[in-house]
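*Asks:* Each residue of the sequence shown is one higher than the last, beginning at 1 in UniProt numbering. C-beta atoms are modelled at their ideal positions from N, C-alpha and C, and glycine is treated no differently. The following block contains the structure, expressed as structure tokens.
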Amino acid sequence: MNLMEAMQARHSVRQYQETALREEDANLLQEEIDACKAQSGLHIQLVCNEPRAFAGFMARYGKFNGVTSYIALIGKKEPGLEEACGYYGERLVLRAQQLGLNTCWVAMTYSKVKNAFTIGAGEKLCVVIAVGYGKTQGVAHKSKSIREVVKTEPPYPDWFTAGVNAALLAPTAMNQQKFTFALHRNCVSAKAGTGFYTKIDLGIAKYHFELGAGSDAFVWEKA
1 MNLMEAMQAR HSVRQYQETA LREEDANLLQ EEIDACKAQS GLHIQLVCNE
51 PRAFAGFMAR YGKFNGVTSY IALIGKKEPG LEEACGYYGE RLVLRAQQLG
101 LNTCWVAMTY SKVKNAFTIG AGEKLCVVIA VGYGKTQGVA HKSKSIREVV
151 KTEPPYPDWF TAGVNAALLA PTAMNQQKFT FALHRNCVSA KAGTGFYTKI
201 DLGIAKYHFE LGAGSDAFVW EKA
């Protein structure tokens, strides 16, 4: 399964088999985590065999069941943290999908378990990603149209259309898809809307856009 196929196949899953990650799957996922850490400077950690984070009221409210492993996205408290967590977290989500694992982004409906992961000086836990073997493969979310998220008038080059279509497959908080793209020649700008977790969502959407468009086709507009 390539990354585009993983993007199409991956849907949020909240119900999991109460099974530990197989050693091979955990090791391969950890390899990708290590690569993301080296590139981003984030303090990403894979937490295995730790069911307490998803055993409380908030997890039940969020309809989570059987979660025993998750990825903690942690980094320095500085501008760009949320977007970076979204970007590199989604890279891990799609790698997990390639490995036959299921995932769900989780911002609030879990408990922070002391000593389950390490938060260094000046760092914060941004978000976690539940990971494991789902009882189902989830269902596709309803998506906006290209014209609802693009601020530039058509026509568009094929690579731009492919990038936006890929971004519209990205998971976002409450499935609100509060991001927009604009195009000027081969320069693309992407902006987050207002609301909770929109900067995380922007990072996720930008990673999808890059996969769909091809990183050689364009450059991101400098902030």
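(1) Please name the residue, chosen from Lys191, Val131, Gln39, Thr68, that lies closest to Gln97 on a Cα-to-Cα basis.
(2) Beta-carbon separation of Phe209 and Ala190 under 8 Å?
(3) So if DSSP puts Gln45 in a beta bridge, which residue, or which two residues, is it bridged to?
(4) Tell me, please, which residues DSSP counts as bridged to Ala190.
(5) Please give the ranges of any alpha helix (DSSP H) in the segment 124-173, keeping only runs that are unbroken, at least 4 residues long and fully inside the region.
(6) What does the Cβ neighbour count give for Asn27, buried or exposed, with the cut at 16 atoms within 10 Å?
(7) Identify the residues that DSSP records as bridge partners of Ser12: which are they?
(8) Distance check for Pro155 and Asp216, CA to CA, integer angstroms please.
(9) Could you pull the start and end residues of the alpha helix (DSSP H) that Gln39 belongs to?
(10) Helix, strand or coil for residue 226? Go by DSSP, reduced to three states.
(11) Under three-state DSSP, which class holds Val113?
(12) Are the CB atoms of Leu92 and Ile33 within a distance shorter than 8 Å?
(13) Can you give me the start and stop residues for the alpha helix (DSSP H) that residue 233 sits inside?
(14) If I'm right that Gly89 touches Leu81 with Cβ under 8 Å, what's the distance once you round it to whole angstroms?
(15) Kindly give me the distance between the Cβ atoms of Gln15 and Gly66, rounded to whole angstroms, as I take these residues to be in contact under 8 Å.
(16) If you drop the 5 nearest sequence neighbours on each side, which residues of the same chain put their C-beta closer than 8 Å to that of Asn165?
(17) Rounded to whole angstroms, what's the CA-CA distance from Ile71 to Asp158? Just pull it up for me.
(18) Would you check if the distance between the CB atom of Val47 and the CB atom of Asn102 is smaller than 8 Å?
(19) So Val106 and Ile129 are in contact, right, with Cβ under 8 Å, and what is the actual spacing, rounded?
(20) Considering only C-alpha positions, which residue in the set Leu3, His184, Cys36, Thr172 is nearest to Lys222?
(21) Starting from Val219, follow its DSSP beta bridges and name the residues at the other end.
(22) In terms of alpha-carbon separation, which member of Leu169, Ala140, Thr180, Gln176 lies closest to Thr152?
*Replies:* For this structure:
(1) On the sequence shown, residue 97 is found 97 positions in, with the first residue counted as 1. Minimum Cα distance to Gln97 is reached at Val131.
(2) Against the sequence shown, residue 209 aligns to sequence position 209. Against the sequence shown, residue 190 aligns to sequence position 190. The beta carbons of Phe209 and Ala190 sit closer together than 8 Å.
(3) Numbered from its first residue, the sequence shown carries residue 45 at position 45. The bridge partners DSSP lists for Gln45 are Ala72.
(4) Mapped onto the sequence shown, residue 190 falls at position 190. Ala190 is bridged to Phe181.
(5) If only complete runs of 4 or more residues are kept, the segment 124-173 shows the alpha helix (DSSP H) at 146-149, 158-167, in order along the chain.
(6) Translated into the one-based positions of the sequence shown, residue 27 becomes position 27. Label assigned to Asn27: exposed.
(7) Here residue 12 is taken as the residue at index 12 of the sequence shown, counted from 1. Beta-bridge pairing links Ser12 to Thr103.
(8) Along the sequence shown, one-based indexing puts residue 216 at 216. Along the sequence shown, one-based indexing puts residue 155 at 155. The straight-line gap from Cα to Cα measures roughly 20 Å.
(9) The residue given as residue 39 occupies position 39 in the sequence shown. It spans 23-40 - the alpha helix (DSSP H) in which Gln39 sits, taken as one unbroken run.
(10) Outside the modelled stretch of the chain, which goes from 1 to 223, sits residue 226, for which no answer is possible.
(11) Taking the first residue of the sequence shown as position 1, residue 113 is located at position 113. In this structure, DSSP gives Val113 a state outside helix and strand, which the three-state scheme calls coil.
(12) Mapped onto the sequence shown, residue 33 falls at position 33. Mapped onto the sequence shown, residue 92 falls at position 92. Cβ distance < 8 Å, so Ile33 and Leu92 count as in contact.
(13) Given that the chain is displayed from residue 1 to residue 223, the structure contains no residue 233 and the question cannot be resolved.
(14) In the sequence shown, counting from the first residue as 1, residue 89 sits at position 89. In the sequence shown, counting from the first residue as 1, residue 81 sits at position 81. Taking the Cβ atoms as the reference, Gly89 lies roughly 12 Å from Leu81, outside the contact range of under 8 Å.
(15) As a first step, residue 15 is located in the sequence shown; it is residue number 15 there, counting from the start. As a first step, residue 66 is located in the sequence shown; it is residue number 66 there, counting from the start. About 6 Å; that satisfies the 8 Å criterion.
(16) Along the sequence shown, read from residue 1 onward, the residue named residue 165 stands at position 165. The answer, listed in chain order, is Ile146, Gly212.
(17) Sequence index remark: in the sequence shown, residue 71 carries index 71 (1-based). Sequence index remark: in the sequence shown, residue 158 carries index 158 (1-based). Whole-angstrom Cα-Cα distance: 35 Å.
(18) Taking the sequence shown and counting its residues from 1, one reaches residue 47 at position 47. Taking the sequence shown and counting its residues from 1, one reaches residue 102 at position 102. A distance of 8 Å or more separates the beta carbons of Val47 and Asn102.
(19) The residue given as residue 106 occupies position 106 in the sequence shown. The residue given as residue 129 occupies position 129 in the sequence shown. Confirmed, about 7 Å.
(20) Position 222 of the sequence shown holds residue 222. Ranking the options by Cα distance to Lys222, first place goes to His184.
(21) By one-based count along the sequence shown, residue 219 stands at place 219. Val219 pairs with Cys187.
(22) Your numbering for residue 152 matches position 152 in the sequence shown. Scanning Leu169, Ala140, Thr180, Gln176 for the CA closest to the CA of Thr152 turns up Thr180.
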